[in-house]
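Worksheet: one structure, shown below.
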Amino acid sequence: MSNDDSMRVWVGDLDDYIDIDAINAWNKAEEEQEYLQSLYDDIGDLRLLGSLRSASRALGPEKHDPRAWKWAIHLANTTLSSPNSAHDLERSLVKALVGIGRRYAIARYAKMEKLTYPSALTASLPLGLKALLNQYLQGQGLRQVPEISSRVGALLHQVAEMSLILAYARVTMLQTLIHEFAYEMSGPKGPASLDREATRTMLSLARLHYSVREINFESFADIAKLNSAYNSIKDEEGDQEAYPPHVGRFIPSWRLRHLQPLTYFFPIAIRSALIRGAEWAASGERISWAAAINELALAHYAIDAMRTRAKAAR
């Protein structure tokens, strides 16, 4: 009754062949989906910061195995174990979320800015900027500038002590000093004597360094404060016309592309958690253990899903 070696049989009512193997595969897929839905149902509602969501809604969009949720909960419990107070719990949650996101943000920033990952990683370290800057100044022949070491040290200290300016403004101060050195060494040519790509790279690494410092949050209120500061300066910049340095064509709102906190490069799951946290902080509610655990577990779960999809795409 089959017309070849596959599991296909003729059905007169349909006036066609049907594939038994395909039907079995469909049935198994439906059974698996039903089973996974039952696991979502078993998890129940998830208490998050400022909201209550069903497991299907919170976990389902990732199209990831809900069985991974148990491991994510374990990781969250291990990280947030035994807080002494609600303040300690919030601080631990913020540090954990930022710690997960920061690794991805550094890599994504490096890719966007065309930086090598090792140099980006160096820039993220406390003393990394000074090492990279010394290397840059040496490469540009600026080490002969009088008292350059003390002047660089003084500026880095001054910038580090200024708490009310954003990374972009800190880099502008460093750029101004580099230009001063260039004028002292090359006269009227000044900055035009510097290698453009090397200088662009140096300033991008400096911005990364200060952006990493900016996200050393202690609370969700700190996150809201940083977001507000960036939104304010972006409003001031508006859509004013700008030409990137050394580029002869107009790019609308070019400066705005660099006016982003490092959290902009976090995976969406981490960004969403930080947004919920900032909104929750404004409400004045007391943080609950269940919400903190679920927020961190959801971040771990989403990252695991992201890694699984990346492996499958290789």
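Read in order, the letters of the sequence shown are residues 2 to 315 in our numbering.
For every residue, glycine included, the Cβ atom is placed at its ideal position computed from N, Cα and C.
Checklist line | Opposing strand residues paired with Arg48 [DSSP bridges] | finding: Leu53.
Next item on the list: List in chain order: all unbroken beta strand (DSSP E) runs of 3+ residues lying wholly within the region 146–194.
Entry: Fully enclosed beta strand (DSSP E) runs of 3 or longer: not present.
Checklist line | Continuous alpha helix (DSSP H) assignments of at least 4 residues falling wholly in the region 252–290 | finding: The region 252–290 contains, as complete alpha helix (DSSP H) runs of 4+ residues, the segments 269–284 (chain order).
Item checked: Contacts around Leu76, its chain only, beta-carbon distance under 8 Å, and the 5 residues preceding and following it disregarded -> Within the same chain, Cβ atoms closer than 8 Å to the Cβ of Leu76 are found at Leu297, Ala298, His301, the five residues on either side in sequence being excluded.
Note to self: Which of the three DSSP states is assigned to Lys115 in this structure?
What the structure shows: It is coil, neither helix nor strand.
Notebook entry, point to check: Under a Cβ-count criterion, where at least 16 other Cβ atoms within 10 Å of its own Cβ denotes burial, should Arg308 be classed as buried or exposed?
Noted result: Arg308 should be labelled exposed.
Note to self: Closest to Glu286 by C-alpha separation, out of Asn78, Trp72, Ala87, Ile271, would be which residue?
What the structure shows: Of Asn78, Trp72, Ala87, Ile271, the smallest CA-CA separation from Glu286 is found for Ala87.
Check: Can you tell which of Pro147, Ser125, Arg201, Ile304 has the C-alpha that lies nearest to the C-alpha of Ala274?
Finding: Nearest C-alpha to Ala274: Ile304.
Next item on the list: With DSSP collapsed to three states, give me the class of Gly142.
Entry: Here Gly142 sits in coil by DSSP.
Notebook entry, point to check: In its own chain, which residues sit with a C-beta less than 7 Å from the C-beta of His247, not counting the 5 before and 5 after it?
Noted result: A caution first: His247 carries a pLDDT of 44, below 50, which makes its placement in the model unreliable, though a value can still be read off. Contacts found: Arg197.
Item checked: Rounded separation between Ala313 and Trp72 - CA only -> Cα-Cα distance, rounded: 20 Å.
Item checked: Terminal residues of the alpha helix (DSSP H) in which Ser205 lies -> Bounds of the alpha helix (DSSP H) holding Ser205 are 197–215.
Checklist line | Alpha-carbon spacing of Trp255 relative to Lys115, whole angstroms | finding: Bear in mind that a pLDDT of 48 at Trp255, under 50, signals an unreliable position, so the number given afterwards is only what the model happens to contain. So the two alpha carbons sit approximately 17 Å from each other.
Check: With DSSP run on the structure shown, which of helix, strand or coil describes Arg103?
Finding: In the three-state scheme derived from DSSP, where H, G and I count as helix and E and B as strand, Arg103 is classed as helix.
Margin query: Rounding to the nearest angstrom, what Cα-Cα distance links Gly140 and Ile216 in this structure?
Written below: Roughly 31 Å separates the two Cα atoms.
Item checked: Where Asp240 falls, given that 16 or more other Cβ within 10 Å makes a residue buried -> Its pLDDT being 47, under 50, Asp240 is placed unreliably by the model, and the measurement read from it follows with that caveat. Its Cβ having fewer than 16 others within 10 Å, Asp240 is exposed.
Check: Are there three or more Cβ pairs, one per stretch, closer than 8 Å when the region 131–145 is compared with the region 93–112?
Finding: Taking a cut-off of 8 Å on C-beta distances, the region 131–145 does not touch the region 93–112, as fewer than three cross pairs fall below it.
Margin query: If the criterion is Cβ atoms closer than 7 Å, does the pair Val153 and Met174 meet it?
Written below: For the 7 Å CB-CB criterion, Val153 and Met174 do not form a contact.
Next item on the list: Can you tell me which of the three DSSP states Arg68 falls into?
Entry: Note: Arg68 maps to coil in three-state DSSP.
Notebook entry, point to check: So Gln81 and Ile288 are in contact, right, with Cβ under 8 Å, and what is the actual spacing, rounded?
Noted result: Note that residue 81 is Leu in the sequence shown, not Gln. With 8 Å as the limit, Leu81 and Ile288 do not qualify as a contact, their Cβ atoms being about 11 Å apart.
Notebook entry, point to check: Per DSSP, what kind of secondary structure is His247 in: helix, strand or coil?
Noted result: The predicted model places His247 with a pLDDT of 44, which falls under 50 and marks its position as unreliable, so this point remains unresolved.
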